[in-house]
Amino acid sequence: MITAVGASAVLAATAVAISMLLAFGLAGERVQRVAEQAALAAADTLAGYVPGVSPCQAAELVAHPQGAAMTECLIDGSNVTVRVVDHASGRGGVARAGPPV
């Protein structure tokens, strides 16, 4: 026979598991947004819209305050690919951006 305490424990464990999965998924979305923002900043800098820093420096200046580290910045012609890793979750994101149109 299932007791109220047993049912409550199962319900609580399920709620915790769902919360952890949601948090992990949201962390992945957040780090992807950071990668996209960093790539856009790098592309704008490469196009000459942001003077005084290199494209990869611009990407790092966007990623770092948001809790991510830029692990790779590749310039290919007028396009920039940026990889970042979130400090808290360890999740990674990658994005590519080109010149504004």
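Residues 1067 to 1167 (my numbering) are what the sequence shown spells out, left to right. A virtual CB, placed ideally from N, CA and C, is assigned to each residue, including glycine.
Given residue i as reference, the closest of the options once Cα atoms are compared
| i | options | result |
| --- | --- | --- |
| residue 1138 | 1115, 1069, 1110, 1159 | 1159 |
| residue 1106 | 1097, 1095, 1125, 1114 | 1125 |
| residue 1096 | 1162, 1163, 1153 | 1153 |
| residue 1102 | 1155, 1069, 1134 | 1134 |
C-beta atoms of residue i and residue j nearer than 8 Å
| i | j | result |
| --- | --- | --- |
| residue 1165 | residue 1141 | no |
| residue 1148 | residue 1112 | no |
| residue 1151 | residue 1104 | no |
| residue 1163 | residue 1129 | no |
CA-to-CA distance, residue j to residue i, given in whole angstroms
| i | j | result |
| --- | --- | --- |
| residue 1167 | residue 1099 | 20 Å |
| residue 1143 | residue 1157 | 28 Å |
| residue 1161 | residue 1069 | 51 Å |
| residue 1119 | residue 1155 | 29 Å |
Residue interval of the alpha helix (DSSP H) (run including residue i)
| i | result |
| --- | --- |
| residue 1135 | Here residue 1135 belongs to no alpha helix (DSSP H); instead the beta strand (DSSP E) covers 1134–1142. |
| residue 1121 | 1121–1129 |
Extent of the continuous beta strand (DSSP E) run through residue i
| i | result |
| --- | --- |
| residue 1160 | 1158–1163 |
| residue 1151 | 1145–1152 |
Cutoff 8 Å; reference residue i; Cβ partners in own chain excluding five residues on either side
| i | result |
| --- | --- |
| residue 1136 | 1104, 1122, 1125, 1126, 1129, 1130, 1148, 1149, 1150 |
Beta-carbon proximity list for residue i, same chain, < 6 Å, skipping 5 on both sides
| i | result |
| --- | --- |
| residue 1132 | 1100 |
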